[in-house]
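Chemist: Shown below is the structure under consideration.
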Amino acid sequence: MCNCMNEMGEKIKKHISQQVPDGGEIIDYETDWDNKMLSLEDGKSYVMLNYKLAYRAKKKSGEMAKNITRLSNCVKMSYCPFCGVKYN
Numbered sequence: 001m002c003n004c005m006n007e008m009g010e011k012i013k014k015h016i017s018q019q020v021p022d023g024g025e026i027i028d029y030e031t032d033w034d035n036k037m038l039s040l041e042d043g044k045s046y047v048m049l050n051y052k053l054a055y056r057a058k059k060k061s062g063e064m065a066k067n068i069t070r071l072s073n074c075v076k077m078s079y080c081p082f083c084g085v086k087y088n
């Protein structure tokens, strides 16, 4: 398996860190990829695509509810998005 996620993450962090104002502090535990999954099977990180759906339910009276309900589902990618290597 490739190491593109970590390598690209470091490059992006270095680039974005230049935008942090003087005296600012980067919070490391809040700095990483969104939708990255750590597999408990093999201990490797994988990329996940998150699909989101939002809807309004219909009330018993036939009117649409005010609140929006949100659902989501993640799909694990089979190939590295950076180099195209197949994940195990």
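Quick note on numbering: full-length UniProt numbering labels position 6 of the sequence shown as 6, and the sequence is numbered without any gaps. Glycine residues also receive a C-beta, built at the ideal position from the N, C-alpha and C atoms.
Note down, in chain order, each residue of its chain lying with its Cβ closer than 8 Å to the Cβ of Q19, except the 5 sequence neighbours on either side.
Modeler: For Q19, where only same-chain residues beyond five positions count, there are no Cβ hits under 8 Å.
Chemist: Hey, K76 and Y46: beta-carbon distance below 7 Å or not?
Modeler: Yes, Cβ-Cβ distance for K76 and Y46 is below 7 Å.
Chemist: What whole-angstrom Cβ distance do M5 and W33 have, given they're in contact under 8 Å?
Modeler: Going by Cβ atoms, the distance from M5 to W33 rounds to 7 Å, so yes, they are a contact pair.
Chemist: Within the continuous alpha helix (DSSP H) that includes S17, where are the two ends?
Modeler: Taken as a continuous stretch (DSSP letters only), the alpha helix (DSSP H) holding S17 covers C4 to S17.
Chemist: Can you check DSSP and say which residues form a bridge with K76?
Modeler: In the DSSP output, where bridge partners are listed per residue, K76 has M48.
Chemist: Ends of the beta strand (DSSP E) at M37?
Modeler: Where M37 is concerned, the enclosing beta strand (DSSP E) stretches over K36 to L38.
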